[in-house]
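Right, here's the structure in full:
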């Protein structure tokens with residue numbers, strides 16, 4: 294059995310890890326590395342927003358977080374009534390389809406509940422079936438930039 298561990302990223306202590314996450318996000322979604330670095334460096338040490346790094350046998354393989362603001366809100370401001378948002382769930386290519394994304398999402402949900410949150414939200418156009426299996430409920434479906442996007446909610 295692999296040794297799985299989780300680390301909440303603390304900007305001033307985890308600069309090397311933040312650079313790794315920024316590289317992952319640039320490669321996967323073309324998010325400017327500088328934007329990710331600045332965002333994660335400014336996260337507080339407790340509460341929302343937060344970022345989690347998942348390691349297997351000491352090696353970083355996945356990350357994701359809970360955010361107050363996601364890109365959808367810039368294009369569809371009516372969704373600003375919802376927060377916080379599970380977002381930017383990433384697993385390295387070699388570790389996909391092994392259940393790690395599910396475990397990471399469950400860990401983020403656990404942390405969210407421990408923080409006293411009652412509900413969290415997400416949007417996706419690629420992983421709806423994963424989130425349904427994890428108990429997420431559809432709030433709304435929209436067409437945006439040619440993508441069929443579902444906005445979902447999870448009661449904690």
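In my numbering, the protein residues as written are 294 to 449.
All C-beta atoms in this analysis are idealised placements derived from N, C-alpha and C, irrespective of residue type, glycine included.
Under 8 Å between C-beta atoms of residue 443 and residue 397: When the beta-carbon positions are compared, residue 443 and residue 397 stay at least 8 Å from each other.
Option nearest residue 429 by Cα separation, candidates 415, 441, 437: 415
Where the beta strand (DSSP E) containing residue 371 begins and where it ends: Taken as a continuous stretch (DSSP letters only), residue 371 belongs to no beta strand (DSSP E), as it is neither H nor E.
Burial state of residue 352, where buried means 16 or more other Cβ atoms lie within 10 Å: exposed
C-beta atoms of residue 420 and residue 393 nearer than 8 Å: No, these two residues do not count as a Cβ contact at 8 Å.
CB contact flag (residue 324, residue 318, <8 Å): yes
Nearest neighbour of residue 395, chosen from 384, 378, 439 [CA to CA]: 384
Nearest candidate by alpha-carbon position, reference residue 452, set 331, 358, 322: Limits of the chain in this structure are 294 at one end and 449 at the other, which puts residue 452 out of reach.
Sub-8 Å separation of residue 301 and residue 333 beta-carbons: Not in contact: residue 301 and residue 333 (Cβ atoms no closer than 8 Å).
Alpha-carbon to alpha-carbon, residue 409 and residue 402: Their Cα atoms are separated by approximately 11 Å.
Start-to-end residues for the alpha helix (DSSP H) that takes in residue 360: Where residue 360 is concerned, there is no enclosing alpha helix (DSSP H), although the beta strand (DSSP E) it sits in stretches over 352-360.
Cut-off 6 Å between Cβ atoms - residues of its own chain near residue 296, not counting five sequence neighbours on either side: 350
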